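Heads up: the structure comes next, in structure tokens.
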Amino acid sequence: MSYYQKQPNDVSHLGLNCPECGIAITTLPFKPRRGMKIYCHDCAQKRKTPTTG
Ligand SMILES: [Zn+2]
Numbered sequence: 411m412s413y414y415q416k417q418p419n420d421v422s423h424l425g426l427n428c429p430e431c432g433i434a435i436t437t438l439p440f441k442p443r444r445g446m447k448i449y450c451h452d453c454a455q456k457r458k459t460p461t462t463g
């Protein structure tokens, strides 16, 4: 139990697109939930940065 690796989930079969920039999303570091807004890596990072409002 000393080896840890995050395996991205292949979600290309879901045909997801980032609602922010519209890029096709093929892999995610987590399992997407139904009805959940899925952003691409770049947009997810942008949204993580704390902003007022
Ligand atoms: Zn995006």
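First residue of the sequence shown: 411, per the numbering used here; consecutive thereafter.
Don't be surprised by glycine CBs; every beta carbon is placed ideally from N, CA and C.
Quick caveat, the model's predicted, so the values are computed rather than measured.
I'd like to know whether the C-beta atoms of THR437 and PRO418 end up nearer to each other than 9 Å. Numbered from 1 along the sequence shown, position 27 holds the residue referred to as residue 437. Numbered from 1 along the sequence shown, position 8 holds the residue referred to as residue 418. Yes, Cβ-Cβ distance for THR437 and PRO418 is below 9 Å.
Just to confirm the assignment, what range does the alpha helix (DSSP H) spanning ARG457 have? Your numbering for residue 457 matches position 47 in the sequence shown. Per DSSP, ARG457 belongs to the alpha helix (DSSP H) from 451-458.
For ligand 1, any of its heavy atoms closer than 8 Å to the Cβ of GLY432? Sequence index remark: in the sequence shown, residue 432 carries index 22 (1-based). Yes, the Cβ of GLY432 comes within 8 Å of a heavy atom of ligand 1.
Using a Cβ-based criterion (distance less than 8 Å to any ligand heavy atom), does ASP420 qualify as near ligand 1? In the sequence shown, counting from the first residue as 1, residue 420 sits at position 10. ASP420 Cβ: outside cutoff for every heavy atom of ligand 1.
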